[in-house]
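Participant:
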Amino acid sequence: MHKKIRLLISISILGLLALSGIQGYLINNTYKLEKTAFISETKKSISRLDDLSPKLDGINETLRDNFLNLIADYYVKKITKKQVLETMNAYSDSINRFYITSYEKELKEKEIGYDLKFQKIVNTIIVLDTTGIKNDTIFSSTKTPSFHLLGHKFSREEGHEVSNSLWLTDHDFNREVDGKMTSIIFNLQLETEDRMNIDGWEKIVLGRMASLLFISIGIFLLVFGLLFYSIKSLITQKKIADIKTDFVNNITHELKTPLSTLTLATKMLQNDEMIVVSPRSKGIVSTIERQNIRLQKLIDQVLNNSLGYQEIQLHKEIVPTQEYLKLIIDDFQLSLDSKKIKINKNIKIKEQISIDKFYFTTAISNVLENAVKYGKERVEINVSATFDGAFVLSISDNGIGIPKNEVPFLFDKFYRVGNKEVHNVKGLGLGLYYTNQIIKAHQGKIEVKSEENSGATFTITIPSNN
Ligand code: ADP
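Residue numbers 295 to 760, in the numbering used here, belong to the letters of the sequence shown in order.
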């Protein structure tokens, strides 16, 4: 497998991984948002349940009165801090069953649609000294876990806060101090918190995201499947293309040997006066020779075209540009049998050029041959060459031209323009491909300008330091 395909596969896999990462990140963010929305929605529906229900409010009231009386007892040192908490605990335990049943009834009426646990906890109880100097902490959740007052029991980590309240009020009680009824006043700071625990909230949130998750996974699988399929097809096609190229190369090589023997045999026939006597036989032999040469040319073309420009081994030499070009054009003109072809030369260069004569001649000949092949009734070719930092050779004709949309593909392997005139002319669509490879091997470039029915101009540029 070639480097390019490996690189393509690696980039595609990396792209897919990056895409999955981004998708995962977005899904996670959506999950967090959904979770926040879900929790605040639930909070909103239950936050004022206590206050709005007369039954629950009544329970809270009684609990509060009880609690304040205990604090008043503590204030006059009738009971200790520990006793305050223990008594509170015992009392809340005794009413908790009733509180939970009443709360659940309220929840049912709200029709929330999922199971919910709730609790009321105490975070701090501080008796504030009226002078404001000495505060007395009865309970603080910073040192011990929160004090469970009402509702279900679950840990802080398992639940979410619904609301919290801070009481800062003065209280007035009558207590017996040293045998006399005395009015006592104390300030109390009481911090409570309502919390909830939604059973299986993760499942509920995921359920709300089901369509998004389903679509995301679907798209991911689709992209993954397409990528896998494309890569597999790419590898298969590459293998088939390699097998085809090998096959064509082998078969053309194999054909060359019998063709050379055939050339030799025809030469012998032509030279042996004894065998070829009649003009008819002479004609037949020269037909065999011509077709043999044509077949050899075609095979050479196919063989040459298996080479990419990196594989072309150039043997460069310095040539006098003007003389060299004139010679090629004159030779080309001699090889044509039609008088209807006119070639105008405008070559006045003094500079020399460093090229591989064999390859470069093939490249120019291909362009000149095409100008004749795809010419109209009277072919006129203009060849001009200039030297301005780089060697620029331009060959233009007055032929059938090339439709604009086909021009970009002209140098592709096996490409032939798809109109009728072209299909009447024999060819393999390899000449320009090979010409381009030769020019590239010389570090130059070949460009074409053409329009249908307006001829074509091929421009070859070779840098002077190639
Ligand atoms: P071939 O001539 O064997 O088909 P080439 O690679 O030489 O292959 O040319 C590719 C195609 O480009 C040709 O089939 C023809 O359609 C088009 N073409 C090339 N040169 C010219 C030209 N001078 N005028 C019009 N069409 C041309």
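Note that the Cβ used here is the ideal one computed from N, Cα and C, for glycine as well.
Treat the numbers as computed from the prediction; the structure is a model and nothing was measured.
What does the Cβ neighbour count give for GLU645, buried or exposed, with the cut at 16 atoms within 10 Å?
Facilitator: With fewer than 16 Cβ atoms within 10 Å of its Cβ, GLU645 is classed as exposed.
Participant: Alpha carbon to alpha carbon, how far is PHE332 from LYS414?
Facilitator: About 21 Å.
Participant: Compute the distance between the beta-carbons of ILE647 and ILE612, then report whether it is under 9 Å.
Facilitator: Yes, the pair counts as a contact, with Cβ atoms nearer than the cut-off.
Participant: How would you call LEU516, buried or exposed, if buried means at least 16 neighbouring beta carbons within 10 angstroms?
Facilitator: Classification for LEU516: exposed.
Participant: What are the uninterrupted segments assigned as beta strand (DSSP E) that are 3 or more residues long and contained completely in the region 395-443, given in chain order?
Facilitator: For the region 395-443, whole beta strand (DSSP E) runs of length 3 or above, ordered along the chain, are 410-422, 430-434.
Participant: Run through DSSP, which three-state label would HIS547 get?
Facilitator: It is helical.
Participant: If you compare alpha carbons, which of LYS667, GLN607, SER678 is closest to ASN638?
Facilitator: Of the listed residues, the one whose Cα sits closest to ASN638 is SER678.
Participant: Which residues in the same chain have their Cβ closer than 6 Å to the Cβ of THR753, if we skip the five residues on either side of it in sequence?
Facilitator: Same-chain partners within the cutoff: SER688, GLU741.
Participant: Between the C-alpha atoms of VAL471 and LYS326, what's the straight-line distance to the nearest angstrom?
Facilitator: So the alpha carbons of these two residues sit roughly 58 Å apart.
Participant: How is the alpha helix (DSSP H) around GLU611 delimited, first residue to last?
Facilitator: Careful: GLU611 lies outside any alpha helix (DSSP H), inside the beta strand (DSSP E) at 611-614.
Participant: Taking 8 Å as the cut-off, is the CB of SER688 close to at least one heavy atom of ligand 1?
Facilitator: Every heavy atom of ligand 1 is 8 Å or more from the Cβ of SER688, so no.
Participant: Report the rounded CA-to-CA distance for GLN377 versus ASN429, giving the unit in angstroms.
Facilitator: Spanning the two alpha carbons is a distance of roughly 19 Å.
Participant: With three or more beta-carbon pairs closer than 8 Å as the criterion, would you say the region 696-714 touches the region 744-758?
Facilitator: The answer is yes - the region 744-758 touches the region 696-714, with three or more Cβ pairs under 8 Å.
Participant: Assign GLU548 to one of two classes, buried (16 or more other C-beta atoms within 10 Å of its C-beta) or exposed (fewer than that).
Facilitator: GLU548 comes out exposed.
Participant: Taking Cβ positions, are ASN491 and HIS446 nearer each other than 9 Å?
Facilitator: Their beta carbons are under 9 Å apart, which means ASN491 touches HIS446 by this criterion.
Participant: Could you name the residues that DSSP lists as bridge partners for HIS465?
Facilitator: HIS465 pairs with PHE480.
Participant: Kindly indicate which three-state DSSP category ASP270 falls into: helix, strand or coil?
Facilitator: Because the chain spans 295 through 760 in this model, residue 270 falls outside it and cannot be assessed.
Participant: For GLN646, which three-state DSSP category applies?
Facilitator: It is a strand residue.
Participant: Run through DSSP, which three-state label would ASP493 get?
Facilitator: Of the three classes helix, strand and coil, the one that applies to ASP493 here is coil, per DSSP.
Participant: Just the C-alpha distance for THR557 and ILE545, rounded to the nearest angstrom, thanks.
Facilitator: In a straight line, the C-alpha of THR557 is about 19 Å away from that of ILE545.
Participant: Say yes only if the C-beta of ARG672 is nearer than 8 Å to one or more non-hydrogen atoms of ligand 1, and no if none qualify.
Facilitator: Result no, Cβ not under 8 Å from ligand 1.
Participant: Give every residue of the same chain whose Cβ lies closer than 7 Å to the Cβ of GLN627, excluding the five residues on either side of it in the sequence, and list them in chain order.
Facilitator: Taken in chain order, the residues that qualify are ILE637.
Participant: Quick check on the DSSP output: the beta strand (DSSP E) that includes LYS743 runs from which residue to which?
Facilitator: Where LYS743 is concerned, the enclosing beta strand (DSSP E) stretches over 739-744.
Participant: Quick one, which of THR330, GLU398, SER440 has its alpha-carbon nearest GLU487's?
Facilitator: The option with the nearest alpha carbon to GLU487 is SER440.
Participant: Rounded to the nearest angstrom, how far is the Cβ of THR418 from that of GLN483, given a contact under 8 Å?
Facilitator: At roughly 7 Å, the Cβ-Cβ gap stays under 8 Å, so THR418 and GLN483 are in contact.
Participant: Tell me, please, whether the region 597-606 touches the region 729-736 by the rule of three or more beta-carbon pairs shorter than 8 Å.
Facilitator: Verdict: yes, contact present.
Participant: Are the region 363-381 and the region 330-348 in contact at 8 Å, needing three or more beta carbon pairs?
Facilitator: No, because fewer than three Cβ pairs between the region 363-381 and the region 330-348 fall closer than 8 Å, the two stretches do not touch.
Participant: Measuring from the CB of ASP691, is there a heavy atom of ligand 1 at a distance below 8 Å?
Facilitator: Flag set: Cβ of ASP691 near ligand 1.
Participant: Excluding sequence positions up to five away, which residues of its chain have a Cβ less than 7 Å from the Cβ of GLY738?
Facilitator: The answer, listed in chain order, is ILE754, THR755, ILE756, PRO757, ASN760.
Participant: Apart from the five residues just before and just after LEU460, which ones in its own chain have a Cβ nearer than 6 Å to its Cβ?
Facilitator: Only GLU485 meet the Cβ criterion.
Participant: Does ILE587 pass the burial test, meaning 16 or more other C-beta atoms within 10 Å, or should it be called exposed?
Facilitator: By the 10 Å Cβ count, ILE587 comes out exposed.
Participant: Is it the case that the Cβ atoms of PHE508 and VAL456 are separated by a distance below 9 Å?
Facilitator: No, the Cβ-Cβ distance between PHE508 and VAL456 is not below 9 Å.
Participant: Give every residue of the same chain whose Cβ lies closer than 8 Å to the Cβ of LEU500, excluding the five residues on either side of it in the sequence, and list them in chain order.
Facilitator: Closer than 8 Å at Cβ, skipping near neighbours: TYR325, LEU507.
Participant: Do the CB positions of LEU528 and ILE305 come within less than 9 Å of each other?
Facilitator: No, the pair does not count as a contact, with Cβ atoms beyond the cut-off.
Participant: Is it true that the CB of LEU630 sits closer than 9 Å to the CB of VAL579?
Facilitator: Cβ distance not < 9 Å, so VAL579 and LEU630 don't count as in contact.
Participant: Under 8 Å: does the beta carbon of LYS620 sit that close to some heavy atom of ligand 1?
Facilitator: Every heavy atom of ligand 1 is 8 Å or more from the Cβ of LYS620, so no.
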